[in-house]
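A.B. asks:
Number of protein chains: 2
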Amino acid sequence: MSQWFQNGKRVESLAIDDRAVQYGDGLFETIAVRNGEARLVDLHMDRLTKGCARLQIGMPDVAALLDDLAFAIQQSHEMSGYCAAKIIVSSGVSQRGYGRSRPPTPTVLIGAFPARPVSASAYRNGVDTMRCETRLATGSPTAGLKTLNRIEQVLGRSECISSGAFEGLMLDADDRLICGTMSNVFMVSEQKIVTPTLRRCGVEGVMRRFAIDCLRDDGAEVHERDVTFDEFMAADEIFLTNSQFGALPVSRIGDHARETRDMTRHVMGVLARNGIAECAA
Amino acid sequence: MSQWFQNGKRVESLAIDDRAVQYGDGLFETIAVRNGEARLVDLHMDRLTKGCARLQIGMPDVAALLDDLAFAIQQSHEMSGYCAAKIIVSSGVSQRGYGRSRPPTPTVLIGAFPARPVSASAYRNGVDTMRCETRLATGSPTAGLKTLNRIEQVLGRSECISSGAFEGLMLDADDRLICGTMSNVFMVSEQKIVTPTLRRCGVEGVMRRFAIDCLRDDGAEVHERDVTFDEFMAADEIFLTNSQFGALPVSRIGDHARETRDMTRHVMGVLARNGIAECAA
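Here is the structure:
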């Protein structure tokens, strides 16, 4: 199933003293692979670079990392169609204690995985969501980053799986909607596209960034600001973004059915024209 | 140096697909070992049990875990004097994605480490602290727990090491003092002992719990409540607690020298009488 590579060799395990194990002291990227090509890889490298800077972990050489990524994809038999790759960068091994070794020598792992496309009917008719009880802590020093500290998303995801919904919506402690457990959220209100700010918590998804950039290039206004859950519930349209599936309409939040309307279709069309083929479904 | 055990066997590595690596999806305990005995082990088991319940990870059988802990301590040559043991419990291996396998099969790792006692002069004269710029996110669903998501403490610790201080004091986003990077904090104001509440963030240390219990048994009032950093700076006395060192007076916060006075001495005496031998220094 999963295949992991380190320095161009297949590996299955990691030193227990690695700080990924001990403290989740690192970052990751999950990259869509389509017909053997890593998608939006520049945006993934950009986020990883920012994350390494914020965590004070040395960013691996990008050219070498992309070579290793291509090698991992090529070595993985199942990588011909709809797949995913994952890059993990940790601060490496250290003695016991929160202090890193100096200078830290990062650990870089690359994984390749089979993946399953979301059904065409989900793109057409939308997906079910629910509101998670698990809240995101606010004022995080790693807000926006995709660190290896992901217990909040795990707990939210567990709720979501129990409920049978496609995605769980996560609020912060102050009742602001932030994101889904594995996606970012957008709403359309009075023809304006709005997505929650991620400066206090949440993960700044690569597809969120790409969608904002594409929409702005297309002449749309996209606002990043605080969004209360009540405001979100009252929005005209709602959609999710994620690096794997692109964008998906939301057809339900808990007991409340939602319609998929023109603006969401428009956004999906813009993404499809910019290479996110699933959104043409 | 470190020696790790899993199911009674020495191990050095962990499956990369383990959720400790991928998401920090687990908990840990760091236990003081003195002359081959794990100290305050009931309190550690209690916190681990609570943590497993909150994270919905099956708590390992305590009797078996204590047997494995004793075995790891016994197998480690350096464990005769002043040492530490660590227990890691993760939600185990799963496929890619935040969702756990159902039912999850926890991974249990036990490590044994040499450790170095804090100097007797630190117990007598106190230790230097500094205020970390890194803030703790507030409203965390895992407040109080010792989860494997510890990037905030890692970043705080890096600041502290750069400054040369013994410990860094960590505030939340609302300027409340919460704890040290690897310790809990207490202050004495008008003869009252106060320690910050940990219901929004921070780790509820085992030595903090033990000190509160011992002090209350001894007839003292100990208050757990919100503490602003300004209030902390103005306190008459300040001390730190940690499972490894017991309690230590604070002699400095940044540029501000502090005196060690009677109440801190009294607390250390109470802990020493309750088996925390270092505090008799």
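Sequence order for the protein chains is A and B. Residue 187 in the working numbering sits at position 187 of the first sequence, and the numbers go up by one each step. Start counting at 1 in the second sequence, then tack on 1000, and there's your number in the working numbering. The beta carbon of each residue, even a glycine, is placed where N, CA and C say it ideally should be. Here the structure is a predicted model, which means the values were calculated and not measured.
1) Hey, how far is the Cα of Val108 of chain A from the Cα of Ala70 of chain A?
2) Report buried or exposed for His44 of chain A, applying the criterion of at least 16 other Cβ atoms within 10 angstroms of its Cβ.
3) By the 8 Å beta-carbon criterion, what residues does the segment 11 to 42 of chain A contribute toward chain B?
4) As a quick exercise: from A:Phe113, A:Met1 and A:Val127, pick the residue whose alpha carbon is nearest that of Ala38 of chain A.
5) Output yes or no for whether 8 Å exceeds the beta carbon distance between Ile1087 of chain B and Ser13 of chain A.
6) Assign Asn282 of chain A to one of three DSSP states: helix, strand, or coil.
7) What's the gap between the Cα of Val41 of chain A and the Cα of Phe245 of chain A?
8) Per DSSP, which one or two residues make a beta bridge with Leu1027 of chain B?
9) Given Ala173 of chain A, which residues of its chain have a CB within under 6 Å of its CB, disregarding the five upstream and five downstream residues?
10) By Cβ distance below 6 Å, which residues in the same chain neighbour Gly156 of chain A in space, the five residues on each side in sequence not counted?
11) Rank A:Ala63, A:Phe28 and A:Arg265 by C-alpha distance to the C-alpha of Ser91 of chain A and give the top, closest one.
12) Give the residues of chain B in contact with Asp172 of chain A, contact being defined as C-beta atoms less than 8 Å apart.
13) By a C-beta neighbour count over all protein chains shown, 10 Å radius and 16 as the cutoff for buried, is Asn1149 of chain B buried or exposed?
14) What residue range does the beta strand (DSSP E) around Arg1225 of chain B cover?
15) Which residues of chain B have a Cβ atom closer than 9 Å to the Cβ of Ala84 of chain A, listed in chain order?
16) Considering just the uninterrupted stretch of the alpha helix (DSSP H) at Ala1112 of chain B, what are its terminal residues?
17) Here's the rule I'm using: 16 or more other beta-carbon atoms within 10 Å means buried, otherwise exposed. How should Pro60 of chain A be labelled?
18) Return the residue from the list A:Cys201, A:Ala247, A:Ala235 and A:Leu65 that minimises the CA-CA distance to Glu190 of chain A.
19) Using 8 Å as the threshold, is the C-beta distance between Arg252 of chain A and Asp175 of chain A below it?
20) Helix, strand or coil, according to DSSP, for Ser119 of chain A in the structure here?
21) Per DSSP, Val1021 of chain B is paired with what?
22) Mind checking whether Asp1111 of chain B and Ser1002 of chain B have CB atoms under 8 Å apart?
23) Thinking C-beta only, is Ile1238 of chain B closer than 8 Å to Arg1225 of chain B?
24) Could you give the distance in angstroms between the alpha-carbon of Ala280 of chain A and the alpha-carbon of Met268 of chain A?
25) Which residues in chain E have a C-beta closer than 8 Å to the C-beta of Met182 of chain A? List them in chain order.
26) Quick check: the Cα distance between Gly97 of chain A and Asp218 of chain A, rounded to an integer number of angstroms?
27) Using a Cβ-Cβ distance cut-off of 8 Å, determine whether Arg1157 of chain B contacts chain A.
C.D. replies: According to the structure shown:
1) Numbered from its first residue, the first sequence carries residue 108 of chain A at position 108. Numbered from its first residue, the first sequence carries residue 70 of chain A at position 70. Their backbone Cα atoms lie some 14 Å apart in a straight line.
2) Sequence index remark: in the first sequence, residue 44 of chain A carries index 44 (1-based). By the neighbour-count rule (16 or more Cβ atoms within 10 Å), His44 of chain A is buried.
3) Val11, Glu12, Ser13, Leu14, Ala15, Ile16, Asp17, Asp18, Arg19, Ala20, Val21, Gln22, Tyr23, Gly24, Asp25, Phe28 and Thr30
4) Residue 38 of chain A sits at position 38 when you count from the first residue of the first sequence. Taking only the C-alpha atoms, the option nearest Ala38 of chain A is A:Phe113.
5) Residue 1087 of chain B sits at position 87 when you count from the first residue of the second sequence. Residue 13 of chain A sits at position 13 when you count from the first residue of the first sequence. Against a cut-off of 8 Å, the Cβ pair of Ser13 of chain A and Ile1087 of chain B comes out as no contact.
6) Residue coverage of chain A in this structure runs from 1 to 281, which leaves residue 282 of chain A outside it and unanswerable.
7) Start at 1 with the first residue of the first sequence, and residue 41 of chain A comes out as number 41. Start at 1 with the first residue of the first sequence, and residue 245 of chain A comes out as number 245. Looking at the two C-alpha atoms, the distance is approximately 15 Å.
8) Here the question's residue 1027 of chain B lines up with position 27 in the second sequence. In the DSSP output, where bridge partners are listed per residue, Leu1027 of chain B has B:Val1089 and B:Thr1147.
9) Working through the first sequence from its first residue, we reach residue 173 of chain A at position 173. So the list reads Arg135 and Thr138, once near-sequence residues are dropped.
10) As a first step, residue 156 of chain A is located in the first sequence; it is residue number 156 there, counting from the start. These residues qualify, in order along the chain: Cys132, Thr134, Gly168, Met170 and Thr181.
11) Here residue 91 of chain A corresponds to residue number 91 of the first sequence, with the count starting at 1. Of the listed residues, the one whose Cα sits closest to Ser91 of chain A is A:Phe28.
12) Along the first sequence, one-based indexing puts residue 172 of chain A at 172. Within 8 Å Cβ-Cβ: Gly1139.
13) Within the second sequence, residue 1149 of chain B is the residue found at index 149, counting from 1. Buried, by the Cβ-count rule.
14) Sequence index remark: in the second sequence, residue 1225 of chain B carries index 225 (1-based). Its beta strand (DSSP E) spans residues Val1222 to Arg1225.
15) Taking the first sequence and counting its residues from 1, the one referred to as residue 84 of chain A is at position 84. Here the neighbours are Arg1096.
16) Translated into positions along the second sequence, residue 1112 of chain B becomes position 112. Premise fails: Ala1112 of chain B lies in the beta strand (DSSP E), Thr1107 to Pro1114, not in any alpha helix (DSSP H).
17) Here residue 60 of chain A corresponds to residue number 60 of the first sequence, with the count starting at 1. So Pro60 of chain A ends up on the buried side.
18) As a working note, residue 190 of chain A is residue 190 in the first sequence. Of A:Cys201, A:Ala247, A:Ala235 and A:Leu65, the residue nearest in Cα terms is A:Ala235.
19) On the first sequence, residue 252 of chain A is found 252 positions in, with the first residue counted as 1. On the first sequence, residue 175 of chain A is found 175 positions in, with the first residue counted as 1. Cβ distance not < 8 Å, so Arg252 of chain A and Asp175 of chain A don't count as in contact.
20) Within the first sequence, the letter at position 119 stands for residue 119 of chain A. DSSP places Ser119 of chain A in coil when its eight states are reduced to three.
21) Position 21 of the second sequence holds residue 1021 of chain B. Val1021 of chain B is not bridged to any residue.
22) In the second sequence, the residue the question calls residue 1111 of chain B occupies position 111. In the second sequence, the residue the question calls residue 1002 of chain B occupies position 2. Looking at the sequence shown, residue 1111 of chain B is not Asp but Gly. Against a cut-off of 8 Å, the Cβ pair of Ser1002 of chain B and Gly1111 of chain B comes out as a contact.
23) Taking the first residue of the second sequence as 1, we reach residue 1225 of chain B at position 225. Taking the first residue of the second sequence as 1, we reach residue 1238 of chain B at position 238. No, these two residues do not count as a Cβ contact at 8 Å.
24) Within the first sequence, residue 280 of chain A is the residue found at index 280, counting from 1. Within the first sequence, residue 268 of chain A is the residue found at index 268, counting from 1. Taking the straight line from one Cα to the other gives about 7 Å.
25) Given the protein chain composition of this structure (A and B), no chain E is represented.
26) Here residue 97 of chain A refers to the residue found at position 97 when the first sequence is read from its first residue. Here residue 218 of chain A refers to the residue found at position 218 when the first sequence is read from its first residue. Distance between the alpha carbons of Gly97 of chain A and Asp218 of chain A: 50 Å.
27) Counted from its first residue, the second sequence places residue 1157 of chain B at position 157. Arg1157 of chain B counts as touching chain A.
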